[in-house]
Amino acid sequence: MGFFFRIIRPSSPATKKHSPIRLFSFRFDRWRAALAVLLLAAAFQQGCDRAENPQSKTVITVGTTNIQLDEARRDFQDLLSDIPETARNQESIKKQLLNRLIDHYLILEYGKEHHISVSDAALAAAVNRIRSDFTEQGFKEAMLRNYIDFDQWKEQLRKKLLEKKIIEQVTAGMVLPDHAAILHYYETHTDAFTTKRQVKFRQIVTSDLRTAKNLQNRLRKGEDFETVARQGSRAPEAKNGGLVGWVEKGQLEKAMDRALFSLKPGQVSPIIHSPYGYHIFQVLASRPAGVRPLLEVTKEIEENLSLTNRRAFLAGWLKKRRKHVKVHIDSKIFQLLEQ
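In our numbering, the protein residues as written are 429 to 767.
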């Protein structure tokens, strides 16, 4: 999934502030008495509104931070979105996700304790990086399809960036795996580096057949594929001239896979229809099936081993945090989160 979140809930209604009313002993004029009654009634009603608003109910407390229902629900639904729909109602899955949610809040609480934050400039840069992966229209379509409130999405992104920054600081002193560890992993995981036939390709993607045919005609007249992709494709990689990179046989949807692996380097496909739209492919290079050499995968193995070690370290660190930081969870948490 990456840096996008699925559910946005309405925030609690803002409460108005009123100037204090000075009471003069036994000497109210009638209009002042009426005004006082109205102001007191309004203040009482606002208090009732806050009390009756379930979104402002505290459902989780971690350290000095109270997490209200609307925030907890957004965060829980974000985790839930990564789970297949068929498994989302399993109690064991819900409990695992709740534990992950508590871990998330424990990490953020550590950041609060140690004054770690994400600046507005860093957030803006992250937003721009995400937007750069889409065409302007593609980004708007993604927002309409998955999100309601852009500002709340940005705040969710800020929390993700903050969590990443805290984890990096907590695990900063870890030692990288040495060559012996990398070699041992390579020799004991040969299957992981055995590849099927691969192709490197560019693509043009459109939402309708007419546009695809117009772009195909431009290619037939001799225009450069990269240029046409930049100008006409609606896929995220359009900004890179349609360059997708390497894929293995069987990795893509059947019609796409069949078309790609029937082409030789330099060849361009006819228009291919898939659930994602209308595609035109250009194959740039191909690789036969085989075992990737150690030199090619050393960096990949190092990153995998480092990630495994970091996860193990973080799990132990979080276990200690749970012992030293107060955590309270509403007894009806699942019922509240699913309302």
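Backbone N, C-alpha and C fix where the C-beta goes; we use that ideal spot for every residue, glycine too.
Predicted model only: the values in this text are computed from it and were never measured.
_With H, G and I counted as helix, E and B as strand and the rest as coil, what does DSSP make of ARG586?_
helix
### Message
I'd like the ranges of any alpha helix (DSSP H) spanning at least 4 consecutive residues and lying wholly in the region 708 to 755.
### Response
722 to 752
- Item | Identity of the residue in VAL755, PHE762, GLN763 nearest LEU534 by Cα | VAL755
Between the Cα of SER547 and those of ARG516, LYS593, TRP581, spot the shortest distance and give me the residue it belongs to.
Nearest of ARG516, LYS593, TRP581 to SER547, Cα basis: LYS593.
**Asked** Any idea which residues DSSP pairs HIS701 with across the strands?
**Response** DSSP lists TYR706 as the bridge partner or partners of HIS701.
| Contacts around GLN626, its chain only, beta-carbon distance under 6 Å, and the 5 residues preceding and following it disregarded | TRP674, GLU676, ARG715
In the structure shown, what three-state DSSP assignment does ARG528 receive?
-> helix
Checklist line | Same chain, Cβ closer than 7 Å to HIS532, five either side skipped, listed in chain order | finding: ASP503, GLU591
Q. Should PHE629 be labelled buried (16 or more other beta-carbon atoms within 10 Å of its own) or exposed?
A. Burial check for PHE629: the Cβ neighbour count within 10 Å reaches 16 or more, so the residue is buried.
Between the CA atoms of ALA687 and SER697 - distance to the nearest angstrom:
Using only the alpha carbons, I get a separation of about 7 Å.
Checklist entry - What does DSSP give as the partner residues of GLU676 in its beta bridges? => result GLN626
**Asked** Can a CB atom of chain C be found closer than 7 Å to the CB of GLU564?
**Response** Given the protein chain composition of this structure (a single chain), no chain C is represented.
query = Quick one, are the C-beta atoms of LEU733 and VAL711 less than 7 Å apart?
reply = no
Exercise for the section: Note down, in chain order, each residue of its chain lying with its Cβ closer than 7 Å to the Cβ of GLN695, except the 5 sequence neighbours on either side. Expected result: Here the set comprises VAL711.
Practice item. Please name the residue in THR493, GLU730, VAL490 whose C-alpha comes closest to that of HIS612. Key: Across the set THR493, GLU730, VAL490, the C-alpha of GLU730 shows the shortest separation from the C-alpha of HIS612.
How many Å lie between SER545 and ILE595 at the Cα?
12 Å
Identify which residue in THR618, LEU637, LYS751, THR726 has its Cα closest to the Cα of GLY718. THR618
Margin query: In whole angstroms, give me the CA-to-CA distance for GLN763 and ARG586.
Written below: 28 Å
### Message
So GLY669 and ALA657 are supposed to be a Cβ contact under 8 Å. How far apart are they, rounded?
### Response
5 Å
Can the beta-carbon of ILE495 be found closer than 7 Å to that of ILE757? no
Assuming GLY705 contacts THR634 (C-beta within less than 8 Å), just tell me the rounded distance between them.
Indeed, because the Cβ distance is near 6 Å, the residues count as touching under 8 Å.
Discussion item. By the three-class DSSP mapping on this structure, what secondary structure does VAL546 have?
Written reply: coil
- Task: Mind checking which residues open and close the beta strand (DSSP E) that includes ASN494?
- Result: 493 to 496
Looking at ILE610 and ILE708, is the spacing between their C-beta atoms short of 7 Å?
no
By the DSSP assignment, the beta strand (DSSP E) with VAL490 in it spans what residues? 486 to 490
message: Going by C-alpha to C-alpha distance, which of SER702, VAL603, LYS624 sits closest to ALA413?
response: Absent from the model: residue 413. The displayed extent of the chain is 429 to 767, so no value can be given.
Check whether the region 512 to 520 touches the region 553 to 572, counting contact only when three or more Cβ pairs, one atom from each stretch, lie closer than 8 Å. no
How close, in whole Å, do the beta carbons of GLU537 and THR493 come, if the pair is a contact with beta carbons under 8 Å?
6 Å
Exercise. So who's on the other strand from LEU688, going by DSSP bridges?
Worked result: Answer is none; LEU688 lacks a bridge partner.
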